[in-house]
Amino acid sequence: MPTGRVFKKAAYAGALALILAAFVPQPSPYGAAQGGGWGPSMAFAAKSAPVVGMSANDAALTVKALQAAAQGSWSYAESLIAQTRDPLAARIYYWMYYTQKAGPHNFRRISSFVGQIPSWPRQGALRLSAEKSVSSDTPIQDVVQWFNTYKPQTADGMMLYLSALRAAGANKDIPAILNTWWADTAFGPESQDKFLRTWGKTITRDAHIKRLNMLLSRDYQSAARGIANILGRGYPQLAEARIALAAMSPGVDGAVARVPANLQNDPGLMLERLRWRRKKDMDFKAIEILHNAPPAYTQPDPDAWWRERHIMVRRLIERKQYESAYLLAAKHGTKEGASFADAEFVAGWLALRFVKRPWEAFEHFERLYHNSSMPITRGRAAFWAGMASEALGHKDIARKWYEAGAVYSTTFYGQMALGKLGRDDTLVTAMPDLTMQARTAFEKHDMVQAARLFKRAGLNDYSSSFLRAFAVQAKTHDDFHLAADLATEFSQPDTALAVAKEAQKKGYVLADFAFPTMLSRMKNVDTEWALVHGIIKQESAFDTKAQSPAGARGLMQLMPATAKETAKKAGMSHQTDWLTARPDHNVKLGSLYIDQMLRRYDGHYPLAIAAYNAGPGRVSQWLAEFGDPRKGEIDMLDWIEIIPVAETRNYIQRVMEGVFVYRHKFAKVQKTSNAPIHISYLQPLNGAENGRATR
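With mature numbering (1 follows the signal peptide of the UniProt record, and there is no 0) as the guide, the letters of the sequence shown map in order to residues -32 to -1, 1 to 663.
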């Protein structure tokens, strides 16, 4: 007969086993398939069981357990969870356990757990933890099913997978799986050598070549040299040349000359030579490579090629060689993604505004519009397609394009389109009413309940993670609206903003949440509140504790030196830690600084905003180099787009679109300044006054 201590331990284990049984599928740990994995077999993830309301007692115990776990008291936390009846309590606890506590863990349990929560946050950490829990004792079929769905993240994981496939008699699947993985998974030379000793004979030469390029691109030099030595036939010389070029080492000409003729046009080597020439300011030599660039479909990294091409385009613009800049941009060769959107816009803008080829410009903008889904991109493409149509004399077609752009009225170019239509006081922000059915379904969702429990436990980072993860898988306007609303209830405007941005990707506008407000911070602010909010939104996403890698701090991301100088000029008391500890202090100093920039640039918002981001020194340089819109030397919109720094171009547009929205929000609480941005050719189609303010 067991003693009291043993009996309690046995009872505790039994209770915990009952809870675990509620969410561990039996008899197979994998459950039903949920879609294709990366391997040759069925998927792994199982659908989560329906979530029911949690009792007050279970909720209290769960909160207490989460707090204990956060302090590292795992045994105590687990004992509390064992007292709950709701399966969700255990699921939340074990999510925290598997993502925070070092393993290895019981593979059968963790793999089953991961399969039940495919949309929960920190999937990468969960899957890596599960992978590290595979051992020689793990059943072969379990290993195969796991890795068929989740690509191995480590060399050891892949070795276990391949051994399991061989033991399971699936030898025919091994070459394709191995060579695909080998070409795009980076790790150091020791793991690489260990792996090659066992599986090197199965790896194809083509996979080695792809791996070499990948390793060099990610700066795994030692591992890359190992692969180059295996390849031989000039590849060691190719690797050394690329390494020397990337490091800007002396003697690169000799290193490149030692590369055999058949590898001189290797895309990776050409890209490194291009970068080297650009860094050395050998612009025309760099452009020579771009004119002889390999076709985009043969480039291992087309985005990197576009980045280099774009830099050269900007340098040609600086030299006012617009025709050459256009031809270089137009031959970008990219087919999708951000690089395609960037390239098509730059080519179209150059064709319209500088080369005076409106038809070619229209083709670029039309192509961009029809091959993009992001609101910012579609609004921009539609506005400029309208501009090109006007230049061609087709005002009726231009109006249709402006109407298409105006749909995206919370974006900068959507607002420009409204201005062209003479509707610059119109803002499309209405959100449909929420149904009780939608609210009920939302509150029953396991990630929503997890977020509420973590919030009650005072673990705000976790509650934010769950709401952000919920937004990633959300499909309806109601889901996004409710998630952002809950984040607001949690006093997490940065989370609400993240949810709204995720909604925007899927075509839903949540203006109330995409543009949060902090009116309580404006009590001592004389600057236009819309402008201050626009800057806060872009700088910190309303995170009072935000700190950049460069050291900028708080809501308005002030550098300590700038804050100190601004406070001194204003006669204010100041300590650096107040930038995050006292949000009102941060906002006051930030508003004083943007006021300085406004005075410096005669109230022109885009110029002041540019200076806030890039510094007044750079803005003065750009005004001298490209023309001063205050003097009519260049239109303001062209000045914004001609800025050579992508971050600043984007920053101005995002802050300005915020100013427009916030002016509508604050119309009844602060008189707007209606500061014009002086875009001279934004004459509405109805023939209203030229140069009218668009804000």
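C-beta atoms are modelled at their ideal positions from N, C-alpha and C, and glycine is treated no differently.
All values derive from a computational prediction rather than experimental measurement.
Taking C-beta atoms as the reference points, Val555 and Arg586 fail to come closer than 9 angstroms. Look at Leu231 here: in three-state DSSP terms it is helix. Taking C-alpha positions only, Glu496 is separated from Ser641 by approximately 7 angstroms. The three-state secondary structure of Leu526, taken from DSSP, is strand.
Nearest C-alpha to Leu239 among Phe483, Leu183 and Glu276: Glu276. Inter-residue distance for Gln589 and Thr302 is about 32 angstroms (C-alpha atoms, whole angstroms).
By the Cβ test, the segment 96 to 110 is in contact with the segment 73 to 87, since at least three Cβ pairs between them sit closer than 8 angstroms. Residue burial is scored here from C-beta neighbours: Tyr118 has at least 16 other C-beta atoms within 10 angstroms and is therefore classed as buried. Between the segment 344 to 358 and the segment 317 to 325 there are three or more C-beta pairs closer than 8 angstroms, enough to call the two in contact.
Secondary structure note for His542: it is in no alpha helix (DSSP H), with a DSSP letter that is neither H nor E. Between Thr30 and Ile60, the beta carbon gap of about 6 angstroms places them in contact (Cβ cut-off 8 angstroms). Judged by DSSP secondary structure, Glu601 falls outside any alpha helix (DSSP H); it is assigned neither H nor E. Inter-segment contact for the segment 503 to 510 and the segment 460 to 472 is present: three or more beta-carbon pairs are separated by less than 8 angstroms. A straight line joining the alpha-carbon of Arg550 with that of Phe330 spans about 50 angstroms. Non-local C-beta neighbours of Pro343 in its own chain, meaning closer than 6 angstroms and more than five positions away in sequence, comprise Tyr376, Thr379 and Gln472, ordered along the chain. In this model, Met527 and Gly519 are separated by some 6 angstroms (Cα to Cα). In its chain, beyond the 5 residues on either side, no residue has a beta carbon closer than 6 angstroms to the beta carbon of Asp174. Counting of Cβ neighbours within 10 angstroms places Lys505 among the buried residues, the total reaching 16 or more. DSSP places Gln472 inside the alpha helix (DSSP H), whose first and last residues are Pro461 to Lys473. For Asp563, the enclosing alpha helix (DSSP H) covers residues Pro551 to Arg568. One alpha carbon belongs to Arg622, the other to Gln383, and they sit about 11 angstroms apart.
Sequence-distant Cβ neighbours of Lys363 in its own chain, meaning closer than 8 angstroms and more than five residues away, are Ser357 and Leu653. Taking the Cα of Ala192 as reference, the smallest distance to any Cα among Thr166, Glu158 and Leu591 is reached at Glu158.
In summary, Val440 is exposed, with fewer than 16 beta-carbon neighbours lying within 10 Å of its beta-carbon over all protein chains present. Taken atom to atom, the span from the alpha-carbon of Phe333 to that of Trp273 is near 21 angstroms. Here Thr403 is exposed: its Cβ has fewer than 16 other Cβ atoms, across all protein chains shown, within 10 Å.
Between Gly626 and His542, the gap from beta carbon to beta carbon reaches 9 angstroms or more. The residues Ala374, in chain order, have a CB closer than 8 angstroms to that of Arg391 in the same chain once the five nearest residues on each side in sequence are set aside.
Rounded to whole angstroms, the Cβ separation of Ile610 and Ala578 is 12 angstroms, and the two are not in contact under 8 angstroms. In this structure, the alpha-carbon of Pro263 lies about 16 angstroms from that of Ala311. Apart from the 5 residues on each side of it in sequence, Leu296 sits with its Cβ closer than 7 angstroms to the Cβ of Ile255, Leu258, Arg277, Met280, Val281 and Leu284 in its chain, given in chain order. The straight-line gap separating the alpha-carbon atoms of Leu454 and Ala437 is approximately 14 angstroms.
Under the 10 Å beta carbon count, Val416 is surrounded by 16 or more other beta carbons and is classified as buried. In the DSSP assignment, Gln35 falls within the unbroken alpha helix (DSSP H) covering Ala24 to Ala38. In this structure, Leu231 lies away from Leu213, with their beta-carbon atoms at least 9 angstroms apart. Your pair Arg598 and Ile608 does not check out as a contact, with CB atoms roughly 14 angstroms apart and the cut at 8 angstroms.
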